[in-house]
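Asks: First the structure, which I've put down as structure tokens, then a few questions once you've had a look.
There are 2 protein chains.
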Amino acid sequence: MRQGRGAVRDGGGMDGRSGERSGRTQAERLAGEIAEAIVTGALAPGSRLDEQALAERYGVSRTPVREALRQLGTSGLVEVRPRRGAVVAQVTAEQLAELFVAMAEIEATCARLAAQSMSPLERRRLDALHDSMADLARAGDPAAYARANTAFHGAVYAGAHNTVLADFALSLRRRLQPYREAQFRVAGRLARSHDEHGVVAAAILAGRAEEAHAAMLRHVTLVESSVEGLLARATGEAGGA
Amino acid sequence: MRQGRGAVRDGGGMDGRSGERSGRTQAERLAGEIAEAIVTGALAPGSRLDEQALAERYGVSRTPVREALRQLGTSGLVEVRPRRGAVVAQVTAEQLAELFVAMAEIEATCARLAAQSMSPLERRRLDALHDSMADLARAGDPAAYARANTAFHGAVYAGAHNTVLADFALSLRRRLQPYREAQFRVAGRLARSHDEHGVVAAAILAGRAEEAHAAMLRHVTLVESSVEGLLARATGEAGGA
DNA sequence: GCGCGAAAAATTGCATGCAACACCTGGAGT
DNA sequence: ACTCCAGGTGTTGCATGCAATTTTTCGCGC
Numbered sequence: 195m196r197q198g199r200g201a202v203r204d205g206g207g208m209d210g211r212s213g214e215r216s217g218r219t220q221a222e223r224l225a226g227e228i229a230e231a232i233v234t235g236a237l238a239p240g241s242r243l244d245e246q247a248l249a250e251r252y253g254v255s256r257t258p259v260r261e262a263l264r265q266l267g268t269s270g271l272v273e274v275r276p277r278r279g280a281v282v283a284q285v286t287a288e289q290l291a292e293l294f295v296a297m298a299e300i301e302a303t304c305a306r307l308a309a310q311s312m313s314p315l316e317r318r319r320l321d322a323l324h325d326s327m328a329d330l331a332r333a334g335d336p337a338a339y340a341r342a343n344t345a346f347h348g349a350v351y352a353g354a355h356n357t358v359l360a361d362f363a364l365s366l367r368r369r370l371q372p373y374r375e376a377q378f379r380v381a382g383r384l385a386r387s388h389d390e391h392g393v394v395a396a397a398i399l400a401g402r403a404e405e406a407h408a409a410m411l412r413h414v415t416l417v418e419s420s421v422e423g424l425l426a427r428a429t430g431e432a433g434g435a
Numbered sequence: 195m196r197q198g199r200g201a202v203r204d205g206g207g208m209d210g211r212s213g214e215r216s217g218r219t220q221a222e223r224l225a226g227e228i229a230e231a232i233v234t235g236a237l238a239p240g241s242r243l244d245e246q247a248l249a250e251r252y253g254v255s256r257t258p259v260r261e262a263l264r265q266l267g268t269s270g271l272v273e274v275r276p277r278r279g280a281v282v283a284q285v286t287a288e289q290l291a292e293l294f295v296a297m298a299e300i301e302a303t304c305a306r307l308a309a310q311s312m313s314p315l316e317r318r319r320l321d322a323l324h325d326s327m328a329d330l331a332r333a334g335d336p337a338a339y340a341r342a343n344t345a346f347h348g349a350v351y352a353g354a355h356n357t358v359l360a361d362f363a364l365s366l367r368r369r370l371q372p373y374r375e376a377q378f379r380v381a382g383r384l385a386r387s388h389d390e391h392g393v394v395a396a397a398i399l400a401g402r403a404e405e406a407h408a409a410m411l412r413h414v415t416l417v418e419s420s421v422e423g424l425l426a427r428a429t430g431e432a433g434g435a
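Residue numbers (our numbering), protein chains in the order written: chain A, 195 to 435; chain B, 195 to 435.
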């Protein structure tokens, strides 16, 4: 099936749907799509990522698929075994614990730096963001709260004024997203999460660096134990198949 | 120039860095080689990475080169612009500062965790390693000290018992290597570095977590200011030779 | 002389084909 | 029955070719 570059290409459109620039390469687009599929759980951990199957699925050849897989391999979302194909990265319980510890530490570090170096404007925005989340927590909408939660933590990363740490925190957050999301559906977790955010935000706004560090570390560690509780109850189902 | 798969392949050097199999693909080998060339300064920051040139240089086709470049792009060593080729990542002074801050924070975190969770054996080994460095510092051999220094910091990473943080610390360390190495040649820096290590090691061995954190943060921050002093004197030449 | 636009050259992006390795299946030997 | 090995099959790895897009060069008008 020669697809030929001259043939009509789907996305060839001028302004590109969903705001995506056509300036991105297929490999990048694929990396994003596959990452999305993994993070949302559409691709279960451990499932094989057949190059040809993915190529047909996304209407491209194997070459950009391979490039995307290698890219995702570096970021840790998929595991590429030398001549044995790629699989969605399987996180063992120990690795999950390490990921959570790492995220807690990085986020806490970001919080400390943010307390030291956020601008007045950034502090006001963080405050406003936290306030707006109170309603969501009361309303009890896990999905909406999860989105706002991402924004809140993102604001803290940004406030650290360190793109290296912020990028790392974001990548950890993405890798843990499937596990974190579930815990928002646990009764009462929303309100407690919001309370913990309040402690973090207050410390950052007041510039109390060590306190911000401790509060964020505690917050993320609590998320971890919440997730571990979930996993303990659903042992064995995580890996799928 | 059809090279055929049957041609003699070097078979890999078995560098044994982290237990890699000999079955590495060309793309992986290339990623390693190119990364090495960048880290050692053979490829200056900002230089274009022409796919065909690299392919000829390493005796392969453009396909594995492209895969390697994309891999390096994700790890941050290389910047890949969508249709405009790849260049060795240019670190501006600000980014360099951010990298150092990030490394300082991560290393400090590792030190704190190490103080909390190193095994008695690991503690003894760290102590022995530090002792052996005293001679090197006195002898004033920058290269030998640099190697031992890497081992010392590596022991701290390992002692944190968190591969996620350890891997990140290692990748930051690699990215900063060209800049850090120079400062060991500054007169007196070796002895001072060893003294700082002593404070870090003592805190870790005694299990004083917060002290270990503070000592490591201070140590790496001092390295940073030392490097900045060097850069200030050699403005603009940063990439070169 | 200088900016501007179009053709030419260079370079990237992707599709395809072929060879080597990994896995699976079936049979023989112990 | 179990292990071991040979053959077949599927998948990955890489080389190559072509189309599209940059970048460069050159000619033209101002």
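Each residue gets a CB set at the ideal place from its N, CA and C atoms; glycine is no exception.
Quick caveat: nothing in here was measured; it's all calculated off a predicted structure.
1. Applying the criterion that 16 or more other CB atoms from any shown protein chain within 10 Å of the CB defines a buried residue, is alanine 298/A buried or exposed?
2. Beta carbon of alanine 439/A, beta carbon of alanine 354/A: below 8 Å?
3. Tell me, to the nearest whole angstrom, how far the beta carbon of leucine 237/A is from that of valine 274/A; I am working on the premise that it is less than 8 Å.
4. If I'm right that glycine 270/B touches arginine 242/B with Cβ under 8 Å, what's the distance once you round it to whole angstroms?
5. Roughly how many whole angstroms lie between the Cα atoms of glutamate 261/B and cysteine 304/A?
6. Could you tell me which of Asp389/A, Val358/A and Ala221/A sits nearest to valine 414/A, measuring between CA atoms?
7. Please list the segments of the alpha helix (DSSP H) lying wholly inside the region 253-303 of chain B, counting only runs of 4 or more residues, in order along the chain.
8. I want to know whether the region 372-384 of chain B touches the region 306-325 of chain B - three or more CB-CB distances under 8 Å.
9. Please report the residue range of the alpha helix (DSSP H) in which methionine 327/A lies.
10. May I have the straight-line CA-CA distance separating leucine 293/A from leucine 359/B, to the nearest angstrom?
11. Taking the continuous alpha helix (DSSP H) assigned at alanine 236/A, which residues delimit it?
12. Kindly say whether arginine 317/A, judged by its beta-carbon, lies nearer than 8 Å to any beta-carbon of chain B.
13. I need the boundaries of the alpha helix (DSSP H) containing arginine 383/A, first residue and last residue.
14. Decide if glutamine 265/A is buried, meaning its Cβ has at least 16 other Cβ atoms within 10 Å, or exposed.
15. Beta-carbon of arginine 341/A versus every beta-carbon of chain B: anything under 8 Å?
16. Would you mind giving the Cβ-Cβ distance between threonine 268/B and threonine 268/A, rounded to the nearest angstrom? I have them listed as a contact below 8 Å.
17. For methionine 312/A, collect the residues of the same chain with a Cβ closer than 6 Å to its Cβ; drop the 5 residues on either side in sequence, then sort them by chain order.
18. Could you give the C-beta distance for proline 239/A and valine 285/A, rounded to a whole number, given that I count them as a contact under 8 Å?
19. State the DSSP-derived secondary structure class of leucine 424/B, mapped to helix, strand or coil.
20. Please confirm whether proline 372/B has its beta-carbon closer than 8 Å to some beta-carbon of chain A.
21. Determine, using beta carbons only, whether leucine 359/B comes closer than 8 Å to chain A.
22. With a threshold of 8 Å between beta-carbons, can serine 269/A be considered close to chain B, or not?
23. Tell me the rounded alpha-carbon separation between leucine 315/B and methionine 327/B.
24. Does the beta carbon of phenylalanine 362/B come closer than 8 Å to any beta carbon on chain A?
25. Between aspartate 250/B and chain A, is the shortest Cβ-Cβ distance under 8 Å, so that the two count as touching?
26. Would you please verify whether the beta carbon of glutamate 418/A is less than 8 Å from any beta carbon of chain B?
27. Does the CB of arginine 242/A have a neighbour CB from chain B at under 8 Å?
Replies: To lay it out plainly:
1. Your numbering for residue 298/A matches position 104 in the first sequence. Under this definition alanine 298/A is a buried residue.
2. As shown, chain A starts at 195 and ends at 435. That puts residue 439/A outside it, with no answer to give.
3. Here residue 237/A refers to the residue found at position 43 when the first sequence is read from its first residue. Here residue 274/A refers to the residue found at position 80 when the first sequence is read from its first residue. Rounded, the Cβ-Cβ distance is 15 Å, inconsistent with contact.
4. The count along the second sequence starts at 1 and reaches residue 270/B at position 76. The count along the second sequence starts at 1 and reaches residue 242/B at position 48. The beta-carbon distance between glycine 270/B and arginine 242/B, rounded to whole angstroms, is 18 Å. This is too long to meet the 8 Å contact definition.
5. Sequence index remark: in the second sequence, residue 261/B carries index 67 (1-based). Sequence index remark: in the first sequence, residue 304/A carries index 110 (1-based). Approximately 33 Å between the Cα atoms of the pair.
6. Counting from 1 along the first sequence, the entry for residue 414/A is found at position 220. Closest option to valine 414/A, Cα to Cα, is Asp389/A.
7. 256-269
8. no
9. For the purposes of this step, residue 327/A is identified with residue 133 of the first sequence, where counting begins at 1. Looking at the DSSP string, the run of the alpha helix (DSSP H) that includes methionine 327/A is 314-333.
10. For this step, residue 293/A is matched to residue 99 along the first sequence. For this step, residue 359/B is matched to residue 165 along the second sequence. The straight-line gap from Cα to Cα measures roughly 8 Å.
11. Looking up residue 236/A in the first sequence gives position 42. Taken as a continuous stretch (DSSP letters only), alanine 236/A belongs to no alpha helix (DSSP H), as it is neither H nor E.
12. Locating residue 317/A in the first sequence gives position 123, counting from the first residue. Closer than 8 Å: no.
13. Counting from one through the first sequence, the residue named residue 383/A turns up at place 189. Per DSSP, the continuous alpha helix (DSSP H) segment holding arginine 383/A begins and ends at 383-400.
14. Along the first sequence, one-based indexing puts residue 265/A at 71. A buried status is given to glutamine 265/A, since no fewer than 16 other beta-carbon atoms sit within 10 Å of its beta-carbon.
15. In the first sequence, counting from the first residue as 1, residue 341/A sits at position 147. Not one chain B Cβ lies under 8 Å of arginine 341/A.
16. As a working mapping, residue 268/B is identified with position 74 in the second sequence. As a working mapping, residue 268/A is identified with position 74 in the first sequence. Rounded, the Cβ-Cβ distance is 4 Å, consistent with contact.
17. Translated into positions along the first sequence, residue 312/A becomes position 118. Result list for methionine 312/A: Gly353, in chain order.
18. Counting from 1 along the first sequence, the entry for residue 239/A is found at position 45. Counting from 1 along the first sequence, the entry for residue 285/A is found at position 91. Between valine 285/A and proline 239/A the Cβ distance is about 6 Å, and since that is below 8 Å, they are a contact.
19. What you label residue 424/B is simply residue 230 of the second sequence in a count that begins at 1. Residue state, collapsed to three classes: helix.
20. The residue labelled residue 372/B in the question sits at position 178 within the second sequence. False, the Cβ-Cβ gap to chain A never drops below 8 Å.
21. For the purposes of this step, residue 359/B is identified with residue 165 of the second sequence, where counting begins at 1. It does: the Cβ of leucine 359/B has a partner Cβ on chain A nearer than 8 Å.
22. Here residue 269/A corresponds to residue number 75 of the first sequence, with the count starting at 1. True, the Cβ-Cβ gap to chain B drops below 8 Å.
23. Taking the first residue of the second sequence as 1, we reach residue 315/B at position 121. Taking the first residue of the second sequence as 1, we reach residue 327/B at position 133. In a straight line, the C-alpha of leucine 315/B is about 19 Å away from that of methionine 327/B.
24. Working through the second sequence from its first residue, we reach residue 362/B at position 168. Phenylalanine 362/B belongs to the set of residues whose beta carbon lies under 8 Å from a beta carbon in chain A.
25. As a first step, residue 250/B is located in the second sequence; it is residue number 56 there, counting from the start. The sequence shown places glutamate at residue 250/B, not aspartate. With 8 Å as the cut-off, glutamate 250/B does not count as an interface residue toward chain A.
26. Against the first sequence, residue 418/A aligns to sequence position 224. Chain B contact via Cβ: absent.
27. Numbered from 1 along the first sequence, position 48 holds the residue referred to as residue 242/A. Chain B places no beta carbon closer than 8 Å to that of arginine 242/A, leaving this residue out of the contacts.
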